[in-house]
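K.L.:
Have a look at this one.
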Amino acid sequence: MSIFEYNGSALVAMVGKNCFAIASDRRLGVQLQTVATDFRRIYRIHDKVYIGLSGLATDAQTLYQRLVFRHKLYQLREERDMKPETFASLVSAILYEKRFGPYFCQPVIAGLGGDDQPFICTMDCLGAKELAKDFVVSGSASESLYGACESMYKPDMEPEELFENISQALLASVDRDCLSGWGGHVFLVTPTEVQERTLKGRMD
Amino acid sequence: MSDSQYSFSLTTFSPSGKLVQIEHALMAVGSGQTSLGIKAANGVVIATEKKLPSILVDEASIQKIQLMTPNIGVVYSGMGPDSRVLVRKSRKQAQQYYRLYKETIPVTQLVRETATVMQEFTQSGGVRPFGVSLLIAGFDDSGPQLYQVDPSGSYFSWKASAMGKNVSNAKTFLEKRYTEDMELDDAVHTALLTLKEGFEGQISSKNIEIGLIGTNRKFRVLSPAEIADYLAEVE
Numbered sequence: 001m002s003i004f005e006y007n008g009s010a011l012v013a014m015v016g017k018n019c020f021a022i023a024s025d026r027r028l029g030v031q032l033q034t035v036a037t038d039f040r041r042i043y044r045i046h047d048k049v050y051i052g053l054s055g056l057a058t059d060a061q062t063l064y065q066r067l068v069f070r071h072k073l074y075q076l077r078e079e080r081d082m083k084p085e086t087f088a089s090l091v092s093a094i095l096y097e098k099r100f101g102p103y104f105c106q107p108v109i110a111g112l113g114g115d116d117q118p119f120i121c122t123m124d125c126l127g128a129k130e131l132a133k134d135f136v137v138s139g140s141a142s143e144s145l146y147g148a149c150e151s152m153y154k155p156d157m158e159p160e161e162l163f164e165n166i167s168q169a170l171l172a173s174v175d176r177d178c179l180s181g182w183g184g185h186v187f188l189v190t191p192t193e194v195q196e197r198t199l200k201g202r203m204d
Numbered sequence: 001m002s003d004s005q006y007s008f009s010l011t012t013f014s015p016s017g018k019l020v021q022i023e024h025a026l027m028a029v030g031s032g033q034t035s036l037g038i039k040a041a042n043g044v045v046i047a048t049e050k051k052l053p054s055i056l057v058d059e060a061s062i063q064k065i066q067l068m069t070p071n072i073g074v075v076y077s078g079m080g081p082d083s084r085v086l087v088r089k090s091r092k093q094a095q096q097y098y099r100l101y102k103e104t105i106p107v108t109q110l111v112r113e114t115a116t117v118m119q120e121f122t123q124s125g126g127v128r129p130f131g132v133s134l135l136i137a138g139f140d141d142s143g144p145q146l147y148q149v150d151p152s153g154s155y156f157s158w159k160a161s162a163m164g165k166n167v168s169n170a171k172t173f174l175e176k177r178y179t180e181d182m183e184l185d186d187a188v189h190t191a192l193l194t195l196k197e198g199f200e201g202q203i204s205s206k207n208i209e210i211g212l213i214g215t216n217r218k219f220r221v222l223s224p225a226e227i228a229d230y231l232a233e234v235e
C-alpha cells in the first residue's frame, strides 16, 4: 500500500461566484482499521485562506504547524494577511525544501485573493503547483473525486448551490473509496462570512 | 596571536553611551556629496550631485542612483564602494523574497532587510560600519514611499529629506517648499532648486543625477537630456 493511502483522505475545493468551498472527509485510519471519525483535514490560515492537507496524517499536522508559524511571522512583519497566491508559493517552496525526503502530503489551497476573487490550487508532495479555475481534488479518493466533480461542476454557482454540489461530489466519491468517508466537513467562504457544516454520509 | 587584536567589535560603547564608530561613520556621510529625496502625491524623486574628481573622468560611466528592484531605487551620500555592497545585498534579498512568495518585495520589507545588514556590521567582530546613508525610493501597493537608512541601521520614512554636505540648508529649504499634494513634476523642480541652493559652481545636466518613480511603478534614472529640460523649466 502506498504511503499516501496509509491514513486515507478525500479533499476537494470548488470555485463559485465570488465564493469558494473546500470539503474533506472525516475518517482517520491506520490502513484497514478506522481510528477516528472526526479528523480535521482543513485548516484556517486566516479568514480568507484555507488549506486542506491529504496524505500521511502526521506529515499533514507537522506541515500545518510549520505553515501557521510562517504565516504568523509574515503577519507580524508585514502587518497584513497573506494573499492565497502568495501562500501557495510559500507552501510550494517549503515542500520543495524536502525534495529528497518529502512530506507525504498533497495540499489543497483555497482562498479569496485580490478583489475577493476565488483562488484554488493543489500541488503534489514536492510542491508542483496546479492552478485551476473550477475545482481541485486530492487524497486517496482523488480518482473518484475527479469523476464526480467533472460531471457535477458548473461555473458561477451561488453559495448555496455550490455547497450542495460539493457535498454531493464528496459523498459520492468517498463511497467508492474504502479508506475515506465517515461523513464530511465543508467550509463555504464568501467575502462576508464563513460557513462550516458537517455532512452525514454512509458511516463506513 | 595578533589575530586577537582584530577579534573585537570596533563598535564598543564609550562611557557616555555612544558608539564612536557610528558617529565617525555619520561624519563620513556628512562630508559626502549632497543627495535628497522628495515624496510626491503620485511618486517619489531622488537626486544627487555628481561631482567628479577630474574633467577627464567619463561621467556617462558613473551612475550613483541605482535600482534595487524594478520599482525601488536608491541614492547614497558617503562612500560609494560601501553603497555598492549594500545595493548588491539588497538586490539579492529582494530576489530571495520573490523566489519564496512569487510576489515583489514591499518597500518597507526591503528597507528593513537593508537596515538589518547595516546594523549587523555595527555588532560583529572585525568589521566596520558602512560609511553611507541611503535614500530608498519606491512605489508599491502602499503607495509612494521614501526611506532614509543610516550607518547605525536605523531607518525613517520621510516626506522629504536630504543628506551629505549641505544637509541643514537643504532641509530648511525643503521644509519651506514641501506641500502634501505635490505632483511628481513639482517635486522634481523642487529637488532641482534644492540642489541648486548649495551647489558649488554651475549646475548642469552633467553634474547631477535624478531618479524618479511614478504610478507606473517603474523606477528610472533620467537621461542628461531630460535633466536639461527640467533645468530649463526651473531657470
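Protein chains in written order, with UniProt numbering: chain X, 1 to 204; chain B, 1 to 235. C-beta: ideal position from N, C-alpha, C; glycine also.
In chain X, which residues lie less than 8 Å from E103/B when you measure between Cβ atoms?
P.N.:
Simply K83, E85, T86, S89.
K.L.:
By how many angstroms is the C-alpha of S152/B removed from the C-alpha of V91/X?
P.N.:
One C-alpha to the other measures close to 35 Å.
K.L.:
Beta-carbon separation of S161/B and L36/B under 8 Å?
P.N.:
Yes, Cβ-Cβ distance for S161/B and L36/B is below 8 Å.
K.L.:
What's the C-alpha gap between M1/B and R88/B?
P.N.:
Any reading at M1/B needs caution, since the residue's pLDDT is 43, under 50, leaving its predicted position unreliable; the model's value is listed next. Rounded to the nearest angstrom, the two C-alpha atoms are 34 Å apart.
K.L.:
Buried or exposed for A148/X, going by 16 or more other Cβ atoms inside 10 Å?
P.N.:
That one is buried.
K.L.:
For residue 259/B, does the three-state DSSP call read helix, strand or coil?
P.N.:
No information on residue 259/B is available, as it lies outside the stretch 1 to 235 that chain B covers here.
K.L.:
Are three or more beta carbon pairs between the region 105-121 of chain B and the region 169-179 of chain B nearer than 8 Å?
P.N.:
Touching, no, given that fewer than three Cβ pairs across the two stretches are closer than 8 Å.
K.L.:
In terms of residues, what are the limits of the alpha helix (DSSP H) holding S35/B?
P.N.:
Per DSSP, S35/B belongs to no alpha helix (DSSP H); it is in the beta strand (DSSP E), 35-40.
K.L.:
What would DSSP say about V12/X, mapped onto helix, strand or coil?
P.N.:
Looking at V12/X - three-state DSSP - the assignment turns out to be strand.
K.L.:
Strictly below 7 Å CB to CB, what residues from chain X border L110/B?
P.N.:
Under the 7 Å cutoff, chain X gives no residues; its nearest Cβ is about 12 Å from L110/B.
K.L.:
For I109/X, count neighbouring C-beta atoms within 10 Å of its own C-beta (all shown protein chains included) and say buried if the count is 16 or more, exposed if not.
P.N.:
Buried, because 16 or more other Cβ atoms sit within 10 Å of the Cβ of I109/X.
K.L.:
Counting beta carbon pairs with one atom in the region 4-24 of chain X and one in the region 48-61 of chain X, are three or more of them shorter than 8 Å?
P.N.:
Yes, the region 48-61 of chain X touches the region 4-24 of chain X.
K.L.:
Check whether the Cβ atoms of I120/X and V15/X lie closer than 8 Å to each other.
P.N.:
Yes; because the gap between Cβ atoms is below 8 Å, this pair is in contact.
K.L.:
Distance cutoff 8 Å, beta carbons only. Does L192/B sit that close to anything in chain X?
P.N.:
Judged by the 8 Å Cβ criterion, L192/B is not in contact with chain X.
K.L.:
What three-state label does DSSP hand E233/B in the structure shown?
P.N.:
Residue state, collapsed to three classes: helix.
K.L.:
In this structure, how does DSSP classify M1/B when only helix, strand and coil are distinguished?
P.N.:
For M1/B, the predicted model reports a pLDDT of 43, less than 50, meaning its position is unreliable; a value from the coordinates is still stated below. In the structure shown, M1/B sits in coil (DSSP, three-state: anything other than H, G, I, E or B).
K.L.:
Please list the partners that P106/B has in chain X, where partner means a Cβ-to-Cβ separation under 8 Å.
P.N.:
What P106/B touches in chain X: E78.
K.L.:
Give the DSSP bridge partners of L212/B, in chain order.
P.N.:
Beta-bridge pairing links L212/B to V45/B, R220/B.
K.L.:
Rounded to whole angstroms, what is the Cα-Cα separation between K206/B and Q63/B?
P.N.:
Distance between the alpha carbons of K206/B and Q63/B is about 11 Å.
K.L.:
With a Cβ-Cβ cutoff of 8 Å, do I42/X and L67/X count as a contact?
P.N.:
Taking 8 Å as the Cβ cut-off, I42/X and L67/X do not qualify as a contacting pair.
K.L.:
If the cut is a Cβ gap below 7 Å, which residues of chain B does A93/X touch?
P.N.:
Ordered by position in chain B, the residues that pass the 7 Å Cβ test against A93/X are L100.
K.L.:
Where S157/B and K39/B are concerned, what is the direct C-alpha to C-alpha distance, given to the nearest angstrom?
P.N.:
Each residue's Cα considered, the two are about 10 Å apart.
K.L.:
Which residue spans inside the region 130-176 of chain B form an unbroken beta strand (DSSP E) run of at least 3?
P.N.:
The qualifying runs are 132-140, 143-149, 155-157, 160-163.
K.L.:
Using only CA atoms, which one of E235/B, L222/B, V29/B, L19/B lies nearest to residue 241/B?
P.N.:
Because chain B here runs from 1 to 235, residue 241/B falls outside it and cannot be looked at.
K.L.:
So that I know if they touch, is there some Cβ in chain A lying closer than 8 Å to that of N216/B?
P.N.:
Among the chains of the structure shown, chain A does not appear; the protein chains present are X and B.
K.L.:
Is the distance from the Cβ of G52/X to the Cβ of A13/X below 8 Å?
P.N.:
It is a contact, given that the beta carbons lie within the stated cut-off.
K.L.:
Assign I3/X to one of two classes, buried (16 or more other C-beta atoms within 10 Å of its C-beta) or exposed (fewer than that).
P.N.:
Looking at its Cβ environment, which holds fewer than 16 other Cβ atoms inside 10 Å, I3/X is exposed.
K.L.:
If we define contact as Cβ-Cβ less than 8 Å, is S2/B a contact residue for chain X?
P.N.:
Its pLDDT being 48, under 50, S2/B is placed unreliably in this model, and the value from its coordinates should be taken loosely. It does not: the Cβ of S2/B has no partner Cβ on chain X nearer than 8 Å.
K.L.:
Closest to S151/X by CA distance: which of R40/X, Q168/X, R26/X, S140/X is it?
P.N.:
Per the Cα distances, Q168/X.
K.L.:
Going by CA-CA distance only, name the one from L11/X, V189/X, V35/X, M1/X that's closest to G113/X.
P.N.:
Among L11/X, V189/X, V35/X, M1/X, the Cα nearest to that of G113/X is on V189/X.
K.L.:
Comparing alpha-carbon positions, which option in D229/B, L231/B, I210/B lies nearest V221/B?
P.N.:
For V221/B, the nearest C-alpha among the options comes from I210/B.
K.L.:
Name the one or two DSSP bridge partners that D25/X has.
P.N.:
According to DSSP, which records beta bridges pairwise, D25/X is partnered with G184/X.
K.L.:
May I ask which residues mark the beginning and end of the beta strand (DSSP E) holding K129/X?
P.N.:
Note, K129/X: beta strand (DSSP E), 129-132.
K.L.:
Buried or exposed: S16/B, going by 16 or more other Cβ atoms within 10 Å of its Cβ?
P.N.:
Classification for S16/B: exposed.
K.L.:
Just checking my contact of N166/B with T34/B at CB under 8 Å: how many whole Å lie between their CB atoms?
P.N.:
That pair is a contact at about 4 Å.
K.L.:
Mind checking whether G198/B and A170/B have CB atoms under 8 Å apart?
P.N.:
Result yes, Cβ atoms of G198/B and A170/B sit closer than 8 Å.
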